[in-house]
């Protein structure tokens, strides 16, 4: 599936190859997806943004049609630092040294790590329906474990989660896109089938599990190191969260958590579940355009 009017690309980075598409003109903005999705999740938002911006939407390392490089015992190739470096190289390859980044779910984790590691490149940052991984684990309790069961499941030792995921990707996709949404028809059957088809690749399943293993180890360490140094996000931050999603249920004031990580933060809940860009694409596009202008 492709966005009408967008040009597809495959760009070699230092560690892999990144697939994506681009269209529009004006200030550049990079769109990053979450799990179990690909860049297709922006199908109803990207064209609207492209009326005012140069839009780049990619598949993260390990997902969709991007590369799945080998991992290492410390999971570093699937850390958000490495995944973010891919995206920086893609934008530089396309001619953009400074740009805005919008990320949802896993893409938002890549986006804020990119903003921390490369403040000279990230002009504005929008993060959708997450709190930083270090803050999430620091506050973890029984409710967190039940709400974010996939963190423990997909981050379990190899090869158990890989085999389950590759064997029944449709089960995971159908569950997530049903249980985590408030808008019942937000993610049509054809789109869910596309997501499941990508997850059925054993290399993709392994890459995603490695990414979750990195989250609970090296990514937390990177967050904690930044906090210890007093290092914060320099770009203005927009934080949107689903009013009926897990973030709203777990954290009485999630905006306050983000204000521990950045000096200029604004945000509000959106009256949907977890998949904000797919459940409320017009509202999402409007809020992003207001922030990016």
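Residue numbers (my numbering): 18 to 310.
All C-beta atoms in this analysis are idealised placements derived from N, C-alpha and C, irrespective of residue type, glycine included.
Quantities reported herein were computed from a predicted structural model and do not represent experimental measurements.
Residue span of the alpha helix (DSSP H) that contains residue i, given as start and end
i: residue 306; result: 298-309
i: residue 256; result: No alpha helix (DSSP H) holds residue 256; the beta strand (DSSP E) holding it covers 254-259.
i: residue 216; result: 206-216
i: residue 150; result: 150-155
i: residue 263; result: 263-267
i: residue 273; result: 271-275
Under 8 Å between C-beta atoms of residue i and residue j
i: residue 34; j: residue 24; result: no
i: residue 72; j: residue 66; result: yes
i: residue 256; j: residue 168; result: no
i: residue 235; j: residue 92; result: yes
i: residue 162; j: residue 290; result: no
i: residue 272; j: residue 70; result: no
i: residue 21; j: residue 142; result: no
i: residue 41; j: residue 94; result: no
i: residue 124; j: residue 171; result: no
i: residue 148; j: residue 53; result: no
i: residue 287; j: residue 270; result: no
i: residue 293; j: residue 146; result: yes
i: residue 118; j: residue 232; result: no
i: residue 129; j: residue 237; result: no
Bounding residues of the beta strand (DSSP E) (the contiguous stretch that carries residue i)
i: residue 24; result: 24-29
i: residue 286; result: 282-287
i: residue 164; result: Not the beta strand (DSSP E): residue 164 falls in the alpha helix (DSSP H), residues 159-164.
i: residue 178; result: Unbroken run through residue 178 is the alpha helix (DSSP H), 177-184; no beta strand (DSSP E).
i: residue 36; result: 34-41
i: residue 116; result: 116-121
i: residue 140; result: 139-145
i: residue 219; result: Careful: residue 219 lies outside any beta strand (DSSP E), inside the alpha helix (DSSP H) at 219-231.
i: residue 46; result: 45-49
i: residue 73; result: 71-75
With 16 other Cβ atoms within 10 Å as the buried cut-off, status of residue i
i: residue 97; result: buried
i: residue 245; result: exposed
i: residue 166; result: exposed
i: residue 177; result: exposed
i: residue 192; result: exposed
i: residue 297; result: buried
i: residue 201; result: exposed
i: residue 247; result: exposed
i: residue 222; result: buried
i: residue 227; result: buried
i: residue 78; result: buried
i: residue 126; result: buried
i: residue 183; result: buried
Minimum C-alpha distance to residue i - residue among the options
i: residue 115; options: 80, 43, 186 and 176; result: 43
i: residue 111; options: 172, 28 and 128; result: 28
i: residue 107; options: 119, 37, 309 and 125; result: 37
i: residue 241; options: 84, 278 and 300; result: 278
i: residue 56; options: 122, 88 and 68; result: 122
i: residue 275; options: 292, 152, 216 and 119; result: 152
i: residue 254; options: 221, 231, 144 and 50; result: 144
i: residue 220; options: 231, 62 and 87; result: 87
i: residue 140; options: 45, 164, 60 and 80; result: 45
i: residue 265; options: 250, 160, 203 and 207; result: 160
i: residue 101; options: 89, 156 and 138; result: 138
i: residue 90; options: 128, 175, 211 and 267; result: 175
i: residue 180; options: 212, 209 and 218; result: 218
i: residue 60; options: 307, 302 and 282; result: 302
i: residue 194; options: 58, 249 and 75; result: 58
i: residue 280; options: 249, 267, 126 and 305; result: 249
i: residue 76; options: 204, 268 and 215; result: 215
Residue i: CB within 7 Å of a non-hydrogen atom of the ligand GTP
i: residue 267; result: By its list of ligands, the structure shown contains no ligand whatsoever, and the ligand GTP lies outside what it can speak to.
Taking one C-beta from the region 130-141 and one from the region 261-269 each time, how about it: are there three or more such pairs within less than 8 Å? Verdict: no, contact absent.
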